[in-house]
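Remember, the numbering used here sits 24 above the position in the sequence shown when you count from 1.
Below you'll find the structure, written out as structure tokens, and then a few comments.
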Amino acid sequence: MKPVREPMGAAQKLAAAAVLLILFGSAIAYLGARDYGDGVDGGTHYGIALELARLGTWPLPPSSPFYWVAYYPPGAHFLAVVAGAFTGSTLHGLFILTAISVVVFYLVVADLMRSPSPLKTIACFLVFIAVAYRFWKFRFLAGNEMIINFFFGQFVGNAALMAGLYVAYRSIELSFRRWLVVSAILTHLVGWIYPLSAIELAFTLAILRGAPMADLRYDIKRRCIEIVVSGIVLGAAAIIHPAITIMVGISANDGGIAIANRTILVVIAGAAVVIPIFFYRFMGTGSVRAGALFALSLGALGPCVGLGLLHLAGLGGSLYAVKKSGFLLGTVACIMLSILIVELTAKIVQLRAEWFKGLHLAPISGLQTMVSSCLFVAIVVACIFQGRNSEPVSRLIAFDHDVRQLLAQETSDRLYGTTLLLNSSATPHVNFLIGYPLLRQAVAAGNQESLFFAPRSPNLNGLKFVIINAAETNRYERRCVMGSTERLAVITPDCLTPKPQ
25 MKPVREPMGA AQKLAAAAVL LILFGSAIAY LGARDYGDGV DGGTHYGIAL
75 ELARLGTWPL PPSSPFYWVA YYPPGAHFLA VVAGAFTGST LHGLFILTAI
125 SVVVFYLVVA DLMRSPSPLK TIACFLVFIA VAYRFWKFRF LAGNEMIINF
175 FFGQFVGNAA LMAGLYVAYR SIELSFRRWL VVSAILTHLV GWIYPLSAIE
225 LAFTLAILRG APMADLRYDI KRRCIEIVVS GIVLGAAAII HPAITIMVGI
275 SANDGGIAIA NRTILVVIAG AAVVIPIFFY RFMGTGSVRA GALFALSLGA
325 LGPCVGLGLL HLAGLGGSLY AVKKSGFLLG TVACIMLSIL IVELTAKIVQ
375 LRAEWFKGLH LAPISGLQTM VSSCLFVAIV VACIFQGRNS EPVSRLIAFD
425 HDVRQLLAQE TSDRLYGTTL LLNSSATPHV NFLIGYPLLR QAVAAGNQES
475 LFFAPRSPNL NGLKFVIINA AETNRYERRC VMGSTERLAV ITPDCLTPKP
525 Q
């Protein structure tokens, strides 16, 4: 008789909670303390968060300098403001929420990879870790959204998608009506973070409800009806949404992204090969987790292929948007690949041998599951983020404080919208991350790149003031300095050329 795992007792539940707290605390200390981004995305998302906190309304009104992204989904930024309230810095809140999202995402990945066999589960973990390490340089696994680029809303949205999927497949035994209500609420909530993630979740859950890994002959009529009804209801929950407005613009955006064209093509082609093989292997097993993973793969593949076809046909979309959808698809494909490698290996070495049966059927406690999952998450995170260029968040917060201090001593709003932050002791990325939102530049971020990313010959574009390092004021004539603090000074643009020595 197959042993049944006993439920956790109070002591084990307390220990499991402690393990989770240690994992989240470590992630916040490790990931939440570093900025792996570059370019303009971080400044835009920080600005949205600041405007939501300052104005307390959404969509942002025309008076906001960030009106150009007035309808950007506010969920992730609101959560960042809440997280920042505990640390005293909204900027820090962005990175704390990023760290939490990484942990949530990969905890669900760990659960999806669980097998009735503890040995197979551990083997899947190890293979995925090896895959993550091997593909480190290609930057397509989840988490890379926050490296070089800073796709904050999308990554938090994908973490919410994974959390929603977890709740949905864990509650699959509910009656169809109850399950559909829960799933519709989850889908709509994810839409407030990132509508594309909500659409992917809706598609995923509709397929999941059809029990894709059950025997195809089993109650096929009911399953088909539930798929159709789920698709209509969940699709409506995702699409009939106030935050969907900006998604058209996002899908047509064609910005920079740290994934090569060849990489995304290989990811899509690889997924197209792995998905049917995975379905064939688990078809008829009735595995809920395998069904959830299969449904997720189709939910992730759809936007990649759909946006790609629209782009090729000249009907909208962009290669940039296709690549952004590739993070989730690439991760799911690697999960499937890891499971298939373990299944094939198990068959080759004949793991059903008599001497192995006891180990194969040995139950694993809830605490052991939690510990192994947390170790898996910690190692995967290290594989993805180790060796990446980053900036200490503590330094960013200190710089942010310095700029705020300079603004606080002003008796008018003369610096807002008219000033460039060009501190030579900070990188162009940091100058943009802090200066763009705090100084309330009233144009789209992409139009500001020439200001911040050409520090040797900046295009001042009619700006009236420049903020520099206070230690450099002695290089300029006295008339140039319009105000200063201990660390920063305001000068006029015509004085950017230092006085003769």
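Virtual Cβ for every residue (Gly too), placed ideally from N, Cα, C.
A quick note: this is a predicted structure, and the numbers were derived from the prediction, not measured.
Check                                                                                                                    : Outcome
Residue 530 in three-state terms, based on DSSP                                                                          : Limits of the chain in this structure are 25 at one end and 525 at the other, which puts residue 530 out of reach.
Same chain, Cβ closer than 8 Å to residue 52, neighbours up to 5 away in sequence not counted                            : 120, 123 and 124
For residue 505, the three-state DSSP class (helix, strand or coil)                                                      : strand
Reduced DSSP secondary structure (H/G/I, E/B, other) of residue 28                                                       : Residue confidence is low: residue 28 scores 48 on pLDDT, short of 50, so the model does not pin down where it sits. Its coordinate-derived value is still stated next. In the structure shown, residue 28 sits in coil (DSSP, three-state: anything other than H, G, I, E or B).
Three-state secondary structure assigned by DSSP to residue 89                                                           : coil
Bridge partner(s) assigned by DSSP for residue 493                                                                       : 512
Nonlocal neighbours in the same chain, by C-beta distance under 8 Å from residue 302, ignoring five residues either side : 314, 317, 318, 321, 360, 363 and 364
Beta carbon of residue 460 nearer than 9 Å to that of residue 64                                                         : yes
Straight-line Cα distance separating residue 173 from residue 44                                                         : 28 Å
Buried or exposed (CB count within 10 angstroms, at least 16 for buried), residue 568                                    : Nothing can be reported for residue 568, as the shown portion of the chain is limited to 25 through 525.
Where residue 510 falls, given that 16 or more other Cβ within 10 Å makes a residue buried                               : exposed
Close Cβ partners of residue 40 (< 7 Å) along its chain, the five nearest in sequence each way excluded                  : 32, 390, 391 and 394
Residue environment, residue 117, which counts as buried when at least 16 other CB atoms sit within 10 Å                 : buried
Whole-number beta carbon distance between residue 326 and residue 346, since they are thought to touch under 8 Å         : Actually they do not touch by this definition, with Cβ atoms about 12 Å apart.
Cβ of residue 351 within 9 Å of any chain C Cβ                                                                           : Looking for chain C here will not work: only one protein chain is present.
Close beta carbons around residue 126, own chain, < 7 Å, minus the five adjacent residues each side                      : 51, 55, 167 and 405
Check whether residue 408 and residue 165 have beta carbons under 9 Å apart                                              : yes
Spatial distance of residue 298 from residue 323 (CA atoms)                                                              : 15 Å
Secondary structure of residue 61, DSSP reduced to three states                                                          : strand
Option nearest residue 219 by Cα separation, candidates 186, 491 and 178                                                 : 178
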